[in-house]
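Numbering (this note's numbering), first residue to last: 2 to 764.
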């Protein structure tokens, strides 16, 4: 054997703390904690790899050193064996706990998938993963139970509403919704439905009474016309006669059969100039009275007549024709002629002239009496219109066209805005509105001509206590008197109609339609939830099978399976959270939205249904679109309505035909456009003209509310957009929805698209 080496000398080691150098032990490889080659070694089995190639090891190894080495190796192998056995016992305990926990989870999932969400398992285990899985299963069961309960409650409640609405549509106005529901929305919907039916019933009764009164009024006026001693005739706007009274036949000789529907030209040639002036005056909308002229009779004789005429205006304000009243003054003319002759013979015929003057005085007295009667009627008419102004059901204002100051206001205006009438007169009409809406209203009034009718919707009015409410404004220009030193001046006559309650009812109806859509999609949502549940089941089956067979599960496999199961639980939770978000009542706040997002969200709820029904879907979404000013939740409601209609139209076609749905988004002319095209049954022209009407549906009773497209139409308009439809029977249908580009994408607005806001109406 060669000379033995001292490692601290061989390596010139200056580490004074090295245990080998301190013990002077030459078998350095048996001693742990050395500083050899500047590396601290651990146990012998870790040291030996380095020591095998060491010259000190080869020089100092001998039988005695080998025995010591083998003893150390044996001891350390025994220790490793004990550690491995302890690790195996721990893994066996973990595997058993995992198998038992997963078995409970698997059984619970089986019961949930079989339709029993009333399951609950104890959330106890020594493994944190099993505790989380059990908690997720219990939460899923609770969420599904809640959905099932709400779906059943909504289905029963909506069925009663649709039955009542169907009976009302058939004329049964006494029908009412009577059911009591634990769901607050259904109770609200019950109140809205019953209130609407009651309002319709009252409106029909009021209309019948009004029509009866109108018929009676028309009969009274017809009696007056028929018994009038003056000849009366009516022309339409094409100068054709539409009516003559009996006095006309008596005076001029023509009967109704001879003149009705025909132009009547009975003007002598010499009287055309004043007749033309009368015609021009009527065409300008002005009336005239007691214009003297001459007219032919049927037998060709000529009568002197006094003519009064006015434009006849229909109930909707349009001109229907001219009304002519012709008084025969032939005798008066003859008397005047005789008077002129008597003037020349005054000295010879004093007594005749006196008699003629008496006749003239009597005629003058009659004319004075007629004028007094006319003035009395005019005063009565003014009082009538003043009464209509003061006691109208809606706020009425007379507003100066130059200063916008209120000149007059009725009692309803005082009640609605909570100002006294004296407070209102003289204040600015614009102070009754939010500043933004006031500026827009004044700009709109100033922009129109004085003879135009102005209508603006959803303006935010404010009462004296600063409470907000919503009005539609109707305005026109007229002359207003009693202005102090000024005899008369132009003013705006403005009617403000409170529409706040109507907007609230519209909001509640939209929410009811949204919840009905959720109930309709319940089956598809169950399919969407089944997929993550099936994945969780497969993972649980794998772990249980491996445990039963006694196969060891590697840490990598366990992490992969548990991660996959956790992802699917997250997916199910996301679906449920999305349903809650979609079903909630949202504030009507406008903010920039990428319309591709609500389209994708709609597919997250309908995608599985479309795949199961083998409907091919092509999404062609432009990712570079500008945003639009809208509400994401309500855009999703619009797109869900369009998608479900397209789905039903495609499904209704015969088996074997192409089932295809294409959604395209693009931008053109500062508009963001979404096209929804299907290869369904298509629509006839008659159906296309009615599809946006409330309660219109082509589906069987109980399969559709008829509200989806009408609500979608209103929401699109609220966002300042347009919706169009093109359809060909048996070919398919395309809906085109477009919105203006949002100029300031950082802008958030509580207002509607028309610039007038809507505080929270619970939509």
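Here a beta-carbon is modelled for each residue, glycine too, at the ideal position from N, C-alpha and C.
DSSP places residue 621 inside the beta strand (DSSP E), whose first and last residues are 617-621.
Three or more beta-carbon pairs drawn from the region 655-675 and the region 603-619 are found closer than 8 Å, and the two stretches are therefore classed as touching.
Comparing alpha carbon positions, the residue from 125, 544, 104 and 138 closest to residue 113 is 138. Of 22, 72, 5 and 119, the smallest CA-CA separation from residue 57 is found for 5.
Put simply, of 274, 280, 277 and 241 the residue whose alpha carbon is nearest the alpha carbon of residue 261 is 241.
Residue 166 has its alpha-carbon roughly 60 Å from the corresponding atom of residue 292. For residue 727, no alpha helix (DSSP H) run applies; the uninterrupted beta strand (DSSP E) run containing it begins and ends at 723-729, by DSSP. If you draw a straight line from the Cα of residue 323 to the Cα of residue 651, it is about 57 Å long.
Contact check between the region 95-104 and the region 538-558: three or more CB pairs, one atom from each, fall below 8 Å, which counts as touching. For residue 684, the secondary structure class from DSSP, reduced to helix, strand or coil, is coil.
Sorting 567, 591 and 557 by C-alpha distance to the C-alpha of residue 141 places 567 at the top. Using a 10 angstroms sphere on the CB of residue 13, the tally of other CB atoms stays under 16, which defines it as exposed. With fewer than 16 other beta carbons inside 10 angstroms of its own, residue 273 counts as exposed.
Contact check for residue 329 against residue 407 fails: the beta carbons are separated by 7 Å or more. Residue 478 places its beta carbon 7 Å or farther from that of residue 460. Rounded to the nearest whole angstrom, the CA to CA distance from residue 308 to residue 401 is 37 Å.
Per DSSP, reduced to three states, the secondary structure at residue 552 is coil, with no helix or strand assignment. Residue 400 sits in a strand when the DSSP states are folded into three classes. The beta carbon of residue 267 sits closer than 8 Å to the beta carbons of 253, 296, 297 and 298 from its chain, once the five residues preceding and following it are set aside; these are given in chain order.
Each of 733, 732, 716 and 727 was checked against the Cα of residue 740, and the nearest Cα belongs to 716. In its chain, beyond the 5 residues on either side, 177 and 178 have a beta carbon closer than 7 Å to the beta carbon of residue 195. Around the C-beta of residue 152, 16 or more other C-beta atoms lie within 10 Å, and the residue is accordingly described as buried. A direct Cα-to-Cα measurement between residue 301 and residue 289 gives close to 27 Å. For residue 675, the enclosing beta strand (DSSP E) begins and ends at 672-679. The Cβ atoms of residue 732 and residue 657 lie no closer than 7 Å to each other.
Judged by DSSP in its simplified three-state form, residue 196 adopts helix.
Your pair residue 693 and residue 644 does not check out as a contact, with CB atoms roughly 17 Å apart and the cut at 8 Å. The continuous alpha helix (DSSP H) containing residue 8 extends over residues 8-11.
Here residue 429 carries a strand assignment [DSSP, helix/strand/coil]. Distance from residue 25 to residue 33 at the Cβ level is roughly 17 Å; contact not present, criterion being Cβ atoms closer than 8 Å. Under the three-state reduction of DSSP, residue 176 is assigned to coil, being neither helix nor strand. Taking C-alpha positions only, residue 607 is separated from residue 668 by approximately 25 Å. Rounded to whole angstroms, the Cβ separation of residue 258 and residue 246 is 14 Å, and the two are not in contact under 8 Å.
If you ignore the 5 residues before and after residue 233, its C-beta comes within less than 6 Å of the C-beta of 226, 246 and 326, all in its own chain and listed in chain order. Separation of the CB atoms of residue 99 and residue 134 is rounded to 10 Å, and the pair is thereby denied contact status at 8 Å.
Nearest C-alpha to residue 31 among 50, 163, 16 and 730: 50.
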